[in-house]
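In the working numbering, the protein residues as written are 1279 to 1429. In what follows, a structure is listed as structure tokens, so that the remarks can point back to it.
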């Protein structure tokens, strides 16, 4: 349905797939789980490697784009816009985790990640509530989104 909707519309829709339990972020350590041992670097891929490829091969501008995500990628969409405002002028989160560093959220995220394949939230962002959790928390970064003029 998306292909038919956007065909010849002048809009490009790019939908990366993968990254089980990754939160589409750069991890501090290997994502050991579900028989894998990746060091996820999703933010780097989504803000450097993929835009460079799309610009060189598809003529897609690396600036002024929208980023939208569902669930764990909803959180990432807002964080990408917060830290890469030249690339993402628009951001949306559909049922994303919006206050990841507060209260029980680090514990709950860790439980969900272990359940979804044995992944470790500590390998992702270190100890719950710490600096990396705050850096990747959309609520903590609302001021940055507002300051960037993100829509």
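We put the beta carbon where it would ideally sit given N, CA and C, even for glycine.
Residue from the options with nearest C-alpha to residue i
i            : options                   : result
residue 1352 : 1406, 1398 and 1368       : 1368
residue 1383 : 1365, 1403 and 1395       : 1403
residue 1363 : 1410, 1354 and 1341       : 1341
residue 1412 : 1392, 1390 and 1361       : 1361
residue 1405 : 1388, 1298, 1296 and 1332 : 1388
residue 1311 : 1424, 1283 and 1394       : 1394
residue 1386 : 1283, 1294 and 1350       : 1350
residue 1332 : 1294, 1315 and 1314       : 1294
Where residue i falls, given that 16 or more other Cβ within 10 Å makes a residue buried
i            : result
residue 1381 : exposed
residue 1397 : buried
residue 1285 : exposed
residue 1335 : exposed
residue 1399 : buried
residue 1303 : buried
residue 1374 : buried
Contact set for residue i: own chain, Cβ-Cβ below 6 Å, skip 5 residues either direction
i            : result
residue 1417 : 1376 and 1377
residue 1407 : 1379 and 1384
residue 1346 : 1355 and 1370
residue 1250 : Since the first residue shown for the chain is 1279 and the last is 1429, residue 1250 is missing from the structure and cannot be characterised.
residue 1287 : none
Span separating the alpha-carbon of residue i from that of residue j
i            : j            : result
residue 1372 : residue 1344 : 14 Å
residue 1401 : residue 1289 : 37 Å
residue 1427 : residue 1322 : 22 Å
residue 1348 : residue 1301 : 10 Å
residue 1423 : residue 1327 : 23 Å
residue 1391 : residue 1292 : 25 Å
residue 1359 : residue 1338 : 18 Å
residue 1415 : residue 1429 : 18 Å
residue 1319 : residue 1281 : 28 Å
residue 1357 : residue 1296 : 18 Å
residue 1420 : residue 1279 : 33 Å
Spatial neighbours of residue i in its chain, beta-carbon cut-off 8 Å, leaving aside the 5 residues before and after
i            : result
residue 1317 : 1305, 1307, 1308 and 1309
residue 1315 : 1308 and 1309
7 Å Cβ shell around residue i - same chain, five flanking residues per side excluded
i            : result
residue 1365 : 1325, 1329, 1340, 1341 and 1343
residue 1298 : 1312, 1394 and 1395
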